[in-house]
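> Numbering (full-length UniProt numbering), first residue to last: 1 to 197.
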């Protein structure tokens, strides 16, 4: 039997801190999690599934505002773990793949003038450019693109959008090597060496 959220003291403390952070974030943007260094309080039973669904004690978190608040206080630690951090507390969570999912894409222009903007599962709007590059990895089901969202946190691009990205691809010579990739935001995002594409 799972423990109700109201009976989980770690979640209750985190939720209280989030209430204050949420008020401040609405006024000034994302919280400065990179400046907060509270004691590590262990792990909490929160998991982000590969499809972007958030779970607590095995049950989906069905409150989008709470998920967005949690997402605003995510931080990647030097050891690669992902934590939720407030000024008073830092707890490790489980992330199956990436902490975000890119679920929609807008395209403007073509070739070197193309601009791409993505919406994540928590409604962040992120352009693909040099500051927010796309990177591509091989996965069990094929090519897996990721978009840098912020602070070394990435969004897994959904499979339908992956096909759209590949369709925009072209070959380009970079440093004497041929690459298959795509232009977005004035930056050429490499997908794979041309001979492998």
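Where is the CB? At the ideal position from N, CA and C, for every residue including glycine. Since we're looking at a predicted model, the values are computed, not measured.
DSSP has residue 105 in a bridge; who is on the other side?
According to DSSP, which records beta bridges pairwise, residue 105 is partnered with 118.
> For residue 60, which three-state DSSP category applies?
Three-state DSSP puts residue 60 in a strand.
> How big is the Cα-Cα spacing for residue 140 and residue 35?
The straight-line gap from Cα to Cα measures roughly 37 angstroms.
> For the alpha helix (DSSP H) holding residue 166, just list the boundary residues, first then last.
Its alpha helix (DSSP H) spans residues 159-167.
> Leaving out five residues on either side along the sequence, give the residues of the same chain with a beta carbon under 6 angstroms from the beta carbon of residue 104.
These residues qualify, in order along the chain: 119.
> Starting from residue 45 and walking both ways along the beta strand (DSSP E), at which residues does that stretch end?
Segment 40-48, the beta strand (DSSP E) holding residue 45.
> What span of residues does the beta strand (DSSP E) with residue 189 cover, start to end?
187-193 is the extent of the beta strand (DSSP E) around residue 189.
> DSSP on residue 147, reduced to helix/strand/coil?
Strand at residue 147.
> Is the beta carbon of residue 185 sitting closer than 8 angstroms to the one on residue 129?
A contact, by the Cβ cut-off of 8 angstroms.
> Take residue 187 as the anchor and find which of 124, 152, 134 has the nearest alpha-carbon.
Here the closest residue by C-alpha is 134.
> Which of helix, strand or coil does DSSP assign to residue 184?
Reduced to three states, the DSSP call for residue 184 is strand.
> At which residue ranges does the region 52-97 contain complete alpha helix (DSSP H) runs of 4 or more residues, listed in the order of the chain?
The qualifying runs are 64-72.
> Within 10 angstroms of the Cβ of residue 73, are there 16 or more other Cβ atoms? Answer buried if so, exposed if not.
Classification for residue 73: buried.
> What is the rounded straight-line gap between the Cα of residue 112 and the Cα of residue 41?
Spanning the two alpha carbons is a distance of roughly 47 angstroms.
> Check residue 244 in the structure and name its three-state DSSP category.
No information on residue 244 is available, as it lies outside the stretch 1 to 197 that the chain covers here.
> Please state whether DSSP places residue 223 in a helix, a strand or coil.
Residue 223 falls outside the range modelled here, since the chain spans only 1 to 197, and no answer is possible.
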